[in-house]
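Right under this line is the structure:
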């Protein structure tokens with residue numbers, strides 16, 4: 001049975017980085033439960049969507065066994081070097097960059113602090129995608145049809161519209177999110193609005 005939950009900034013949780021280099025804002029997470037058979041510690045998750053501020057160059061925390069997707073949502077952009085490979089540059093609202101959580105990653109903002117959004121997925125139990133929407137730029141997507149076992153739609157600016165299949169349109173104001181389980185939806189970013197949509201599929 002499809003379910004829809006509204007999340008406000010009051011539902012967010014501030015979590016220190018594993019490497020101690022900063023703090024991330026957890027928008028939504030699905031814990032994986034206790035007693036994992038693979039030996040990883042309790043407190044792991046099936047998936048997590050978060051936003052973090054990066055103010056200076058530094059390494060990413062290691063998340064063995066996870067797949068990560070990251071995109072810049074504020075600031076000029078960043079360069080990422082994964083396992084010593086040539087740096088990859090991502091600008092604000094560019095398509096998400098995917099990399100394995102166990103990789104050694106060095107991040108360098110290109111021109112001052114940035115804010116990024118992260119989707120992390122337990123590789124053994126989930127896969128997914130991260131889509132950026134912007135209603136003010138013609139060359140970027142402003143409408144996205146999302147499908148998955150779990151959808152997390154977060155408004156970065158303005159007001160997003162989310163229309164579940166066979167349902168009524170719902171609005172999502174800036175800083176708020178909509179969490180949908182077992183539902184497909186049309187996500188729209190009108191002029192002046194920006195947002196991100198995470199789609200999670202269980203393996």
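Numbering (full-length UniProt numbering), first residue to last: 1 to 203. Glycine residues also receive a C-beta, built at the ideal position from the N, C-alpha and C atoms.
- For residue 147 and residue 163, the gap between their C-alpha atoms comes out near 12 angstroms.
- Beta-carbon to beta-carbon, residue 60 and residue 105 are separated by about 4 angstroms, close enough to satisfy the 8 angstroms threshold.
- Distances from the alpha-carbon of residue 199 to those of 173, 190, 93, 154 put 154 closest.
- Residues 191, 192 of the same chain have their beta carbon placed closer than 7 angstroms to that of residue 136, with the five preceding and five following residues left out of the count.
- Separation of residue 202 and residue 25 (C-alpha to C-alpha, rounded to the nearest whole angstrom) is 24 angstroms.
- For residue 22, the closest C-alpha among the options 91, 195, 114 is that of 114.
- In summary, residue 143 is exposed, with fewer than 16 beta-carbon neighbours lying within 10 Å of its beta-carbon over all protein chains present.
- Nearest in C-alpha terms to residue 8, of all of 197, 119, 174, 78, is 174.
- Counting the other Cβ atoms within 10 Å of the Cβ of residue 131 gives 16 or more, which makes it buried.
- Burial of residue 161 is indicated by the presence of at least 16 other C-beta atoms within 10 angstroms of its C-beta.
- Taken through DSSP and simplified to helix, strand or coil, residue 11 comes out as helix.
- Residue 49 places its beta carbon less than 7 angstroms from that of residue 28.
- A direct Cα-to-Cα measurement between residue 91 and residue 3 gives close to 34 angstroms.
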